[in-house]
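**Student:**
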Amino acid sequence: MFTSVLMIEKALTSADVEFVTTLHGDEAVAFHVLLQPRGDQADRLLRAIDDVAMGELDEATREGETPEGEEAANQGERALEVSLIALRGSGGTAEGRLIEDHPLDALKTLVDQVEADEVIVLTDPHYVEEFFHRDWASRARHKVGVPVLKLFSHSKA
Numbered sequence: 001m002f003t004s005v006l007m008i009e010k011a012l013t014s015a016d017v018e019f020v021t022t023l024h025g026d027e028a029v030a031f032h033v034l035l036q037p038r039g040d041q042a043d044r045l046l047r048a049i050d051d052v053a054m055g056e057l058d059e060a061t062r063e064g065e066t067p068e069g070e071e072a073a074n075q076g077e078r079a080l081e082v083s084l085i086a087l088r089g090s091g092g093t094a095e096g097r098l099i100e101d102h103p104l105d106a107l108k109t110l111v112d113q114v115e116a117d118e119v120i121v122l123t124d125p126h127y128v129e130e131f132f133h134r135d136w137a138s139r140a141r142h143k144v145g146v147p148v149l150k151l152f153s154h155s156k157a
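Start counting the sequence shown at 1; every next residue gets the next number (this note's numbering).
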């Protein structure tokens, strides 16, 4: 069985699930999902700049409304559960947990524990972090010792 660690920041859409579950053809895949809610990741300014860069000016003005702390964790739990159910519904196995601090440390630990074959980072674009190679995928490539695939979410969850 192929083992993938999937890092996400929101619930997977049906298009996302279809994409990640078909990457390896008919080979069975076990997914280990790590979710860090968007409100717990970067500061509001970076998120707003990303929104402006994507032409989503309305989103940029609403970054102050992005849940943080306990509210982000509650939404993250629901998003994780929805994602796990969708992955399992596609015939794979899936388990997961929320990340609160140090996502790359949690990723490295999980990759080692489950002897992962790959890491898939599936997020919205984060242009500022990507430009400076500070996004999850860029940093993970130097830390985890397995291939890291970076994908963008197909649509809003």
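Glycine included, every Cβ here is placed at the ideal spot set by N, Cα and C. Owing to the predicted nature of the structure, the values given are computational and were not obtained by experimental measurement.
Among Leu110, Thr3, Val17, Ile8, which has the Cα closest to the Cα of Ser158?
**Tutor:** The structure shown does not extend to residue 158, since the chain is modelled only from 1 through 157, so no value can be given for it.
**Student:** Who are Gly92's beta bridge partners in DSSP?
**Tutor:** Position 92 of the sequence shown holds residue 92. Partner(s): none; Gly92 has no beta bridge.
**Student:** So, helix, strand or coil for Glu70, using DSSP?
**Tutor:** One-based indexing of the sequence shown puts residue 70 at position 70. Note: Glu70 maps to helix in three-state DSSP.
**Student:** Using CA atoms only, rank isn't needed, just tell me which of Thr21, Ala11, Phe19 is closest to Ala73.
**Tutor:** The count along the sequence shown starts at 1 and reaches residue 73 at position 73. Ranking Thr21, Ala11, Phe19 by Cα distance to Ala73 puts Ala11 first.
**Student:** Cα-Cα, which of Met1, Ser14, Thr3 is closest to Ser83?
**Tutor:** Numbered from its first residue, the sequence shown carries residue 83 at position 83. Checked all of Met1, Ser14, Thr3; the closest Cα to Ser83 is Ser14.
**Student:** According to DSSP, which residues form a beta bridge with Glu118?
**Tutor:** Indexing the sequence shown from 1 puts residue 118 at position 118. Answer by DSSP bridge pairing, in chain order: Ser4.
**Student:** Using the beta-carbon count (16 or more within 10 Å), is Glu9 buried or exposed?
**Tutor:** Residue numbering aside, residue 9 sits at position 9 when the sequence shown is read from its first letter. Under this definition Glu9 is a buried residue.
**Student:** Within 10 Å of its beta-carbon, does Thr21 have 16 or more other beta-carbons around it, so buried, or fewer, so exposed?
**Tutor:** Along the sequence shown, one-based indexing puts residue 21 at 21. Buried.
**Student:** Between which residues of its own chain and Ala137 is the CB-CB distance below 6 Å, once the five residues before and five after are set aside?
**Tutor:** Within the sequence shown, numbered from 1, the residue matching residue 137 stands at position 137. Cβ within range, chain order: Val121, Val148, Lys150.
**Student:** Enumerate in chain order the residues of its own chain whose CB-to-CB distance from Asp124 is below 6 Å, with the five nearest sequence positions on each side excluded.
**Tutor:** Along the sequence shown, read from residue 1 onward, the residue named residue 124 stands at position 124. Same-chain partners within the cutoff: Ser153.
**Student:** Tell me the DSSP secondary structure of Val20 in three-state form.
**Tutor:** As a working mapping, residue 20 is identified with position 20 in the sequence shown. Reduced to three states, the DSSP call for Val20 is helix.
**Student:** How many Å lie between Gln80 and Ala106 at the Cα?
**Tutor:** Taking the sequence shown and counting its residues from 1, one reaches residue 80 at position 80. Taking the sequence shown and counting its residues from 1, one reaches residue 106 at position 106. The sequence given here has Leu at residue 80, not Gln. C-alpha separation (whole angstroms): 16 Å.
**Student:** Note down, in chain order, each residue of its chain lying with its Cβ closer than 6 Å to the Cβ of Gly96, except the 5 sequence neighbours on either side.
**Tutor:** Translated into positions along the sequence shown, residue 96 becomes position 96. Val33, Leu80, Leu84.
**Student:** In terms of alpha-carbon separation, which member of Val5, Met1, Gln36 lies closest to Asp26?
**Tutor:** Your numbering for residue 26 matches position 26 in the sequence shown. Of Val5, Met1, Gln36, the residue nearest in Cα terms is Met1.
**Student:** Within 10 Å of its beta-carbon, does Ala28 have 16 or more other beta-carbons around it, so buried, or fewer, so exposed?
**Tutor:** Position 28 of the sequence shown, counted from the first residue, corresponds to residue 28. The residue is exposed, with fewer than 16 neighbouring Cβ atoms inside 10 Å.
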